[in-house]
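What follows is one structure encoded as structure tokens, with my remarks underneath.
Numbering (the numbering used here), first residue to last: 22 to 190.
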């Protein structure tokens, strides 16, 4: 019986020829001096920074994955959440709330505008584009009771939140 363990080294380098970024993984089996193992093994793997990892050992040998020298791991792509800066006026509101967002890209994307009361009841829900929000969306709130309300705008990788007050004259 011998003791043997593996270490993975991770290097980052930029290829000057193509300007591509690469992560280089080098796996090395390190064995104790009294082991029966005759030779150590080294493998180098390249992972290009396209969001997924492609692993090759050059010999077509990869014990843990059934492949012919290449293993592609399907990655989950995540997009960064865009936080909308929402403006609601007037605040406090009496009859009509105007909602705007300061945004200048992806204006054709559709979002859902929702207004809830303090206990979480959904009072208004409508769909609009980011372009509509940039220009201003009017929502009648004259039938709301006086109190505190919460506006949320959600979409694919988009969110925004604003608290407002409704008063009755």
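Even for Gly, the Cβ is constructed at its ideal location relative to N, Cα and C.
Next on the checklist: Using the Cβ count rule (16 or more neighbours within 10 Å means buried), how would you classify residue 128?
Outcome noted: exposed
Next on the checklist: For residue 160, tell me which candidate among 188, 168 and 172 has the shortest Cα-Cα distance.
Outcome noted: 172
Checklist entry - If we count the other Cβ atoms within 10 Å of its Cβ and call it buried at 16 or more, is residue 56 buried or exposed? => result The predicted position of residue 56 is uncertain, since its pLDDT is 41 and thus under 50; a value taken from the coordinates is nonetheless stated next. By the 10 Å Cβ count, residue 56 comes out exposed.
Checklist entry - How close, in whole Å, do the beta carbons of residue 174 and residue 122 come, if the pair is a contact with beta carbons under 8 Å? => result 7 Å
Checklist entry - Which class does residue 171 belong to by DSSP, given the choice of helix, strand or coil? => result strand
Next on the checklist: Restricting to Cα atoms, I'd like to know which of 112, 120 and 114 is closest to residue 106.
Outcome noted: 120
Next on the checklist: Which residue marks the beginning of the alpha helix (DSSP H) containing residue 156, and which one marks its end?
Outcome noted: 151 to 156
Checklist entry - Can you give the beta carbon distance from residue 131 to residue 176, rounded, assuming they're within the 8 Å contact cut? => result 6 Å
Item to check | Nearest residue (CA-CA) to residue 125, options 116, 154 and 189 | outcome: 154
Item to check | Burial state of residue 22, where buried means 16 or more other Cβ atoms lie within 10 Å | outcome: For residue 22, the predicted model reports a pLDDT of 42, less than 50, meaning its position is unreliable and no value from the coordinates is stated.
Checklist entry - In the structure shown, what three-state DSSP assignment does residue 117 receive? => result strand
Checklist entry - Going by C-alpha distance, which of 189, 167, 186 and 152 is nearest residue 133? => result 152
Next on the checklist: By DSSP's criteria, residue 176 is part of a beta bridge. Which residues make up the other side?
Outcome noted: 179
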